[in-house]
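Residue numbers for the sequence shown, in the working numbering: 6 to 235.
Ideal Cβ placement from N, Cα and C applies to all residues, glycine included.
Owing to the predicted nature of the structure, the values given are computational and were not obtained by experimental measurement.
Note sheet for the following structure.
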Amino acid sequence: MLKRFSLSILVVIALCFSCKKNNDSDQKVNEENIVNRIAPNEYLKLIVNDYLEEKVRGSIEIETKYFSLAPFKMCYRSFFSSREERVENWINTFNRNGLSKVDLENYINQQITIYNKQNSQFAPLPQIKLSEINTHEIIDEKAFEALDRLEFFVWYSNIWFDCLFTFTLVIAIGLIGNLLFPIRFGGLPYLISGKMIIGWAIFLMLLDFKEVKSYFINLIIYNYSSIIFN
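Now the structure itself:
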């Protein structure tokens, strides 16, 4: 009698575990179905946003390289180029580095092809065709304000540009000082100018150039993403 009771208990426990396993299995299938329904859009957004970040960041790094002529170009643009010319320069840089309409279309469609091959059991995602990209949607009012600050910081906070600029200023001040006051002051203007260089460099180190650049990068990525997915 005791053996039969024990056997009955074991059977009940086995049935409980079996039911739980089936329920877990059904729940897993349901979760997979939910994931599969939302996966295409999420997959594309994730892949495309990674691509945008890589290309936008790369483009801006090229234009703001420390040891290059970039500071001089930015200085010239800040004072002598119109807003339209400055926007066009940046758009051309983005286009050359994989962010043109054709490049974006090709990349997205390649990713769609890969996704369709890996998920052949589901309805295939259609290939896309982007409409013409308006430059003012990429660099809108907010982005242009950030661009303006970025271009200013590129040359203003570049120590090599400032050394050259300040060295020229030192020579000018020294020459003028010695010409005007050759006996009384002697090399004093050079000493004062040398201290100016040190003070200028320390001040520039405190400027948060990275924050300005990151803000501009994030705005451009957001604008590209909005154009593609809206």
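Thinking residue i and residue j are a contact (beta carbons under 8 angstroms), I'd like their distance in whole angstroms, please.
| i | j | result |
| --- | --- | --- |
| L268 | I113 | This structure cannot speak to residue 268, because the chain is shown only from 6 to 235. |
| T140 | V92 | 6 angstroms |
In its own chain, which residues sit with a C-beta less than 7 angstroms from the C-beta of residue i, not counting the 5 before and 5 after it?
| i | result |
| --- | --- |
| S105 | none |
| W5 | Residue 5 lies beyond the range of the chain shown here (6 to 235); nothing can be said about it. |
| A75 | E68, T69, V159 |
| F157 | S83 |
| L130 | P45, I117, Y120, N121 |
In angstroms with no decimal places, state the Cα-to-Cα distance between residue i and residue j.
| i | j | result |
| --- | --- | --- |
| I138 | N235 | 12 angstroms |
| T98 | E68 | 8 angstroms |
| S125 | I117 | 12 angstroms |
| N121 | I232 | 23 angstroms |
| V53 | I119 | 13 angstroms |
| Y81 | E150 | 17 angstroms |
| L109 | L135 | 8 angstroms |
Please work out which residues of its chain come closer than 6 angstroms, Cβ to Cβ, to residue i, disregarding the five sequence neighbours upstream and downstream, and give them in chain order.
| i | result |
| --- | --- |
| Y229 | L57 |
| V61 | I222, I225, I226 |
| I133 | I113 |
Looking only at its chain, what residues have a beta carbon closer than 8 angstroms to the beta carbon of residue i, apart from the 5 residues adjacent to it on each side?
| i | result |
| --- | --- |
| N102 | K60, G63, S64, I67 |
| A148 | F221, L224, I225, N228 |
* Asked: Looking at C-beta atoms only, is the number of pairs between the region 54-62 and the region 79-95 that lie closer than 8 angstroms three or more?
  -> no
ask   = Could you give the uninterrupted runs of the alpha helix (DSSP H) lying entirely in the region 54-131, keeping only those of 4 residues or more?
value = 75-85, 88-99, 106-123
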